[in-house]
Amino acid sequence: MAGQHRAGSHTPEGSALRGRAPSRQPLRQHFKGGIADLRRLGSGVSRAHSTPELRAVAGGLAVKDESSQETLSFSWPQLASVPVEETEREARGHHPSQGWRWMPHHLSKDALWKKIREEAAEDAVAEPTLASTLHSTVLVHQSLEKTMAFVIANKLASSTLLGTHLMRLCLDAFEDDPAIIDACNADLQAVIDRDPACDKYTQCMLYFKGYQAVQSHRIAHWLWQKGRKALAMALQSRVSEVFHVDIHPAVSIGRGILMDHATGIVMGETSIIGDNVSMLHHVTLGGSGTGKGTRHPQIGHGVLLGAGATVLGPVHVGEGTKIGAGTVVVADVPSHSVAVGVPARIIKSNKKPEPCQSMDQCSGFKNYQI
Numbered sequence: 000m001a002g003q004h005r006a007g008s009h010t011p012e013g014s015a016l017r018g019r020a021p022s023r024q025p026l027r028q029h030f031k032g033g034i035a036d037l038r039r040l041g042s043g044v045s046r047a048h049s050t051p052e053l054r055a056v057a058g059g060l061a062v063k064d065e066s067s068q069e070t071l072s073f074s075w076p077q078l079a080s081v082p083v084e085e086t087e088r089e090a091r092g093h094h095p096s097q098g099w100r101w102m103p104h105h106l107s108k109d110a111l112w113k114k115i116r117e118e119a120a121e122d123a124v125a126e127p128t129l130a131s132t133l134h135s136t137v138l139v140h141q142s143l144e145k146t147m148a149f150v151i152a153n154k155l156a157s158s159t160l161l162g163t164h165l166m167r168l169c170l171d172a173f174e175d176d177p178a179i180i181d182a183c184n185a186d187l188q189a190v191i192d193r194d195p196a197c198d199k200y201t202q203c204m205l206y207f208k209g210y211q212a213v214q215s216h217r218i219a220h221w222l223w224q225k226g227r228k229a230l231a232m233a234l235q236s237r238v239s240e241v242f243h244v245d246i247h248p249a250v251s252i253g254r255g256i257l258m259d260h261a262t263g264i265v266m267g268e269t270s271i272i273g274d275n276v277s278m279l280h281h282v283t284l285g286g287s288g289t290g291k292g293t294r295h296p297q298i299g300h301g302v303l304l305g306a307g308a309t310v311l312g313p314v315h316v317g318e319g320t321k322i323g324a325g326t327v328v329v330a331d332v333p334s335h336s337v338a339v340g341v342p343a344r345i346i347k348s349n350k351k352p353e354p355c356q357s358m359d360q361c362s363g364f365k366n367y368q369i
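Numbering (numbering that gives the first Met the number 0), first residue to last: 0 to 369.
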């Protein structure tokens, strides 16, 4: 945009936010050496033995218990940290509809950071045109927090909202609440697990706007909880303009979230999203009425919301449920079911499949006719 400040144009760190890099030939030599070093550093990292500590964070998710028809409340993610010595058998017994849990193949924050740097260095050598970008976004930084802060700041910066200020804001949020960066990691693992089009962590972190929109929202939500509502709304406005994703800063979002494609996703103020939720473009979580109470949907753990799905009002979508593409939901949907149509009808109940992982928007209702 003409007259627009580049993110970080006033930073004292120079190339860290200006995106400058050394000349191409020295840069290639630097990266060639860096790749070998990174490979040696990462050679002992085992994905099966990497588990960061989880921290409980505030928030509430109400779901319906079908046997008692009572509304239960719990915080996400009030899940104990999975111990490093957890066996493969125990891990396989966990289902996404039970909430987020670090699995044996997931990377710890430190292992993830090493992997991201290795991927960035390799891509910088393979594609010299991207070398400056990868240097400024990843390789110049010393931690996952700083890279994530730079990515968010660089995307959301404008002529009146400086990238240096936004980067400092993100770092403050990560320092104040380490659960935010843990959630960033969990979302990265979710994308790698569920999106067959994603081959690398850097691919998701640097180029997938759904992932970037969720992480930007986490900063806006932190501001909202701190009572800094004006800045939270300003950030939300930039997210909407840049990513075409409109999430109110008050919305509580769990871990392990995949927003695939993401264009046109809308979530109203009192919406609550559980862990391990997958959704595609043009999903709407809309409100009902003008009151100050709960007006928007509450989505349980492990739910798949198909492309163009609309959920209206203070309804509960139970855990492990699939909402078909183009479906309009205006009433509660029980757990582990398939709902399709306008208005939604329950056409199948099955406690085994985990739709948020399979990402299959069609299976289970191919013979359904409206």
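Just so you know, even glycine gets a beta-carbon here, dropped at the ideal spot from N, CA and C.
What you are looking at is a predicted structure, and each value in this text was computed from that prediction instead of being measured.
{"query": "Which of helix, strand or coil DSSP assigns to Gly292", "result": "coil"}
{"query": "Rounded separation between Cys371 and Met147 - CA only", "result": "For the chain, the structure presents residues 0 to 369; residue 371 sits outside this window and is missing."}
{"query": "Option nearest Ser270 by Cα separation, candidates Leu311, His134 and Val241", "result": "Leu311"}
{"query": "First and last residue of the uninterrupted alpha helix (DSSP H) at Ser334", "result": "Where Ser334 is concerned, there is no enclosing alpha helix (DSSP H), given that its DSSP letter is neither H nor E."}
{"query": "Coil, strand or helix - Ala196 by DSSP", "result": "coil"}
{"query": "Identified DSSP bridge partners for Lys347", "result": "Val337"}
{"query": "Residues near Gln97 by beta carbon distance below 8 angstroms, same chain, minus five either side", "result": "His300, Gly301 and Glu318"}
{"query": "Separation of Ala261 from Leu304, as counted between CA atoms", "result": "12 angstroms"}
{"query": "Gln211 beta carbon less than 8 angstroms from that of Phe173", "result": "no"}
{"query": "Distance between Val137 and Pro127 (C-alpha atoms, nearest Å)", "result": "15 angstroms"}
{"query": "Same chain, Cβ closer than 6 angstroms to Lys199, five either side skipped, listed in chain order", "result": "Glu118"}
{"query": "Neighbour-count burial assignment, Gly226, 16 or more Cβ in a 10 Å radius", "result": "exposed"}
{"query": "Straight-line Cα distance separating Lys208 from Ser334", "result": "29 angstroms"}
{"query": "Reduced DSSP category for Gly267 - H, G, I as helix; E, B as strand; rest coil", "result": "coil"}
{"query": "Cβ distance (whole Å) where Leu187 is taken to contact Leu111 below 8 angstroms", "result": "7 angstroms"}
{"query": "CA nearest to the CA of Val328, picked from Ile298, Glu353 and Pro354", "result": "Ile298"}
{"query": "Close Cβ partners of Val282 (< 6 angstroms) along its chain, the five nearest in sequence each way excluded", "result": "Ile264, Leu304 and Ala308"}
{"query": "Any 3 or more C-beta pairs closer than 8 angstroms across the segment 281-296 and the segment 223-240", "result": "no"}
{"query": "Residues bridged to Asp245 [DSSP beta-bridge criterion]", "result": "Val265"}
{"query": "Val310: first and last residue of the uninterrupted beta strand (DSSP E) it sits in", "result": "Thr309 to Leu311"}
{"query": "Whole-angstrom C-beta distance between Ser251 and Ile272, which should lie under 8 angstroms", "result": "7 angstroms"}
{"query": "N- and C-terminal bounds of the beta strand (DSSP E) containing Leu284", "result": "Thr283 to Gly285"}
{"query": "Whole runs of the alpha helix (DSSP H) within the segment 134-221, excluding any shorter than 4 residues", "result": "143-155, 162-175, 178-193 and 200-206"}
{"query": "Where Asp181 falls, given that 16 or more other Cβ within 10 Å makes a residue buried", "result": "buried"}
{"query": "Exposed unless 16 or more other CB atoms sit within 10 angstroms - verdict on Asp175", "result": "exposed"}
{"query": "Contacts around Ala324, its chain only, beta-carbon distance under 6 angstroms, and the 5 residues preceding and following it disregarded", "result": "Gly305, Ala306, Gly307 and Gln360"}
{"query": "DSSP state of Ile256 mapped onto helix, strand, coil", "result": "coil"}
{"query": "Same chain, Cβ closer than 6 angstroms to Glu144, neighbours up to 5 away in sequence not counted", "result": "Phe173 and Ile180"}
{"query": "Run of the alpha helix (DSSP H) containing Ala110, from where it starts to where it stops", "result": "Lys108 to Ala125"}
{"query": "Of the listed residues Gln214, Ala249, Val341 and Thr132, nearest to Ala229 (C-alpha basis)", "result": "Ala249"}
{"query": "Where Val276 sits in the DSSP three-state scheme", "result": "coil"}
{"query": "Expected contact under 8 angstroms - CB spacing of Ala156 and Leu165 to nearest Å", "result": "6 angstroms"}
{"query": "Beta-carbon proximity check, Asp274 vs Thr201, cutoff 8 angstroms", "result": "no"}
{"query": "Pair within 8 angstroms by beta-carbon distance, Ile246 and His216", "result": "yes"}
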